[in-house]
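Working notes, structure below.
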Amino acid sequence: MAERREIKLKVASAYQRDVGRGIVRIDRKSMREIGAQSGDIIEIIGTKNTAAVVWPAYPEDEGLGIIRMDGTLRKNAGVGLGDEVTVRKAEVKEAKKVIVAPTEPIRFGHDFVEWFHSRLIGRPVVRGDYIKVGILGQELTFVVTATTPAGIVQITEFTDFQVSEKPVKEVSKTAALGVTYEDIGGLKDVIQKVREMIELPLKHPEIFEKLGIEPPKGVLLYGPPGTGKTLLAKAVANEANAHFIAINGPEIMSKFYGESEERLREVFKEAEENAPSIIFIDEIDAIAPKREEVSGEVEKRVVSQLLTLMDGLKSRGKVVVIGATNRPDAIDPALRRPGRFDRELEVGVPDKAGRKEILQIHTRGMPIEPEFRKGKVIEILERLEMNDAYREGAERALMKVKKARDEEIPEILRNTDEKLYEEVKARLIDDLLEELAEVTHGFVGADLAALAREAAMAALRRLINEGRIDFEAEHIPKEVLEELKVTRRDFYEALKM
Ligand code: ADP
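Residues in the sequence shown are numbered consecutively from 57, following the numbering used here.
Written out as C-alpha cells, the structure is:
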C-alpha cells in the first residue's frame, strides 16, 4: 500500500453552517498533499486521535495552512484553537457495531435510536469521540464507548447502532460542559479578549512567566442577564481543558452564618487541587456589594475572605476567577484593585448581526422548512445562474419556476437537481433568520434560545393538533422526528408568547 503522506495544519474555528456535522475543511493544496478528495475521511492527530470527513476550504482560506474544525472535533482531537494537528488520509473500516452513551441521564425510546442512527450515516467515529446532536431545539452530548472493529470506523445503515441507557461515568467535568466558542453568537471580540486574557495563561503559564507579565487572577464580565456570560465562562474552561466550578453569589450568601466563608475556601481548594481551573461566580455583586450600600457584617467578612483567597492564589495563572454581574457599579471597589478583578469585559446586548448568529446556533440541526415564495426563489436562482456549480440547473429551473405556483416550487427544484434544491433552501433559511434577527430588536441570547425552542414546540403542537402524535405516548415516534418541520409561522407563533 502506498505510504500515507501526512502534513501539519493549524486549528481554526468552524463556520457556523458546518458545526455539528463531523466535517473539517482544508484547502486544496493540503488535500492534494495527503492525496485526499472532498468527502474522504481523514485522520486527525492532536493529543488524541480522531477522524472526520474532509471538505474543501473556502477560497479565502487557501494557502493559510489551517484546518477548520468545530469544538466537538477539537475536543475529540484534544486540541484548541491555534494548536497544531497532523492529518493524513484515514484507513477506515466499516462499523459493524457502535455503542454510544449519553453524558447525562436521558429518556429515549427505540425510535430515537433509529433516528439518531440515520443522522450519523457516513460519519467516521473513534472510541472516545464526543457526538453532539440537536433535537427539538435542545442539544445532547454522547460519547462513543465501543466500536467493532476498533480504530476509525464509518457508520453505515448496516451498523448495529446502540445507545446505552446509562450515562458515561468518567466524563471529566469540563468535557461534560461541552460548550465551545462556536456555541456563542455575536461576541467575536469578547471571545478574542477572553482567549488572550484567560485561555492563554491557563494553557501556557510559562509564556507569561518568561515575559514577566502577571496573568490575571480575576476577570469581571458585566452585562444584562442572558447575554452569554455563563456560556463564555464554560466555553473558555472547556476549550482550555480547565476544571470548572460555578458558584452563585446569592446562594453563597444564603448559607448559614459562617458557612459562606467555609464554602469559598472549599471552592478555592478544589480549584487549586485541580488546576488549571476556572471559578465562575455568578451575580458576584451579591457577595461583594459596595460597602456603603450594604454594610452587613456577613458581607464584609465574605468579601475579605474572597480577597484573601485571591491574594493567596499560589498557582499563578492556573486558577482564574471569573465574576459576572449586571451591575458593575454595585461592586465593592476593593475587588477591582490590581491583582484582583483587574480586567473587565462588557458582554452587551447583541446587534442584528449578533442576533442572527445566535439564531443560527440555536436552530442548528433544526429541520426548518422555509417558504418557497416565487419572487424570492427567482431572485436566488438568478444569482445562482452566475455560479458555475449551479448554472445549468438554475437556468432550467428558472424557466419552470416562473410559470409555477409557490407550492409547486420545491418539487420543481428537487426534480431539477437535489443539490440546487438544497442550496436554494439554505439561502431561504438564511433569509428567514435574517428577517427574525430584524424583528427581535432588544432580544438577548437567552430570549433567542427560547424563541427557537418555542418555535420547535409550536411545530410539535401542530402535529399533535393534526392527530399525528399520540399525546400520551412516552416517546416521540421516529416518523414525527423526521416529519417535524419548523416553519416561518411557527417562529411568529413563538414570538407572540
Ligand atoms: P448570562 O450568564 O449572561 O446571564 P447565560 O450565559 O446563562 O447568560 O445564557 C443563558 C442561555 O441563553 C445560554 O445557555 C444560551 O442558550 C443562551 N445564550 C445567551 N447568550 C448567548 C449567546 N451570545 N450566544 C448563544 N446563546 C446564548
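Glycine included, each C-beta is placed from N, C-alpha and C at the ideal position.
- Counting C-beta atoms within 10 angstroms of its own C-beta, Q416 has 16 or more neighbours from the protein chains shown and is therefore classed as buried.
- Distance between L488 and R544, taken at the CA atoms: about 7 Å.
- In chain order, D341, P345, K346, E349 place their CB closer than 8 Å to the CB of A386, counting only its own chain and leaving out the 5 sequence neighbours on each side.
- A residue is called buried when at least 16 other Cβ atoms come within 10 angstroms of its Cβ; G314 does not meet this threshold and is exposed.
- Taking the CA atoms as reference points, I378 sits about 20 Å from K356.
- One Cα belongs to L454, the other to L129, and the distance between them is close to 39 Å.
- In this structure T236 is in contact with E295, their Cβ atoms being roughly 6 Å apart against a cut-off of 8 Å.
- Pairing K374 with A331 gives a Cβ-Cβ distance under 7 Å.
- By the Cβ criterion, the stretch 128 to 147 is in contact with the stretch 171 to 189, since at least three pairs of Cβ atoms, one from each stretch, lie closer than 8 Å.
- Contact between G274 and F397 holds, since their C-beta atoms are separated by about 4 Å, short of 8 Å.
- Residue state for I191 is assigned as strand, using DSSP reduced to three classes.
- Residue side-chain check: G234 keeps its Cβ at 6 Å or more from all non-hydrogen atoms of the ligand ADP.
- DSSP places D398 in the strand class (E or B) of the three-state scheme.
- Boundaries of the alpha helix (DSSP H) harbouring H166: 166 to 175, taken from the DSSP string.
- A distance below 7 Å between beta-carbons, with the five flanking residues on each side excluded, links E318 to no residue of its chain.
- R411 counts as buried, since at least 16 other C-beta atoms from the protein chains shown sit within 10 angstroms of its C-beta.
- Within the DSSP secondary-structure output, E318 pairs in no beta bridge.
- Three or more beta-carbon pairs separated by less than 8 Å are not found between the stretch 391 to 410 and the stretch 430 to 444, which leaves the two stretches without contact.
- In this chain, the alpha helix (DSSP H) harbouring Y548 covers 544 to 551.
- The straight-line gap separating the alpha-carbon atoms of P394 and A506 is approximately 39 Å.
- In this structure, DSSP gives Q361 a helical state, which the three-state scheme calls helix.
- In the DSSP assignment, Q218 falls within the unbroken beta strand (DSSP E) covering 216 to 219.
- By the beta-carbon neighbour count (other beta carbons within 10 angstroms, threshold 16), R124 is buried.
- Under the DSSP assignment, P158 falls in the beta strand (DSSP E) whose first and last residues are 153 to 158.
- At least one heavy atom of the ligand ADP lies closer than 6 Å to the C-beta of K285.
- In summary, L267 is exposed, with fewer than 16 beta-carbon neighbours lying within 10 Å of its beta-carbon over all protein chains present.
- Under the 8 Å Cβ criterion, the stretch 212 to 222 does not count as touching the stretch 111 to 118, having fewer than three qualifying pairs.
- It is roughly 17 Å from the alpha-carbon of A493 to the alpha-carbon of A512.
- Taking 8 Å as the upper bound for CB-CB distance, E62 and V143 are in contact here, some 7 Å apart.
- Taking 4 residues as the minimum length, the alpha helix (DSSP H) runs contained wholly in the stretch 427 to 459 are 430 to 440, 447 to 459, in order along the chain.
- Nearest Cα to H166 within the set L537, K249, D546, E549: L537.
- Straight-line spacing of the CA atoms in E451 and Q93 works out to 29 Å.
- Counting along the chain, no beta strand (DSSP E) covers T496, and no H or E run does either.
- Distance from the C-beta of G404 to the nearest heavy atom of the ligand ADP is not below 6 Å.
- Between G136 and V209, the alpha-carbon positions lie close to 24 Å from each other.
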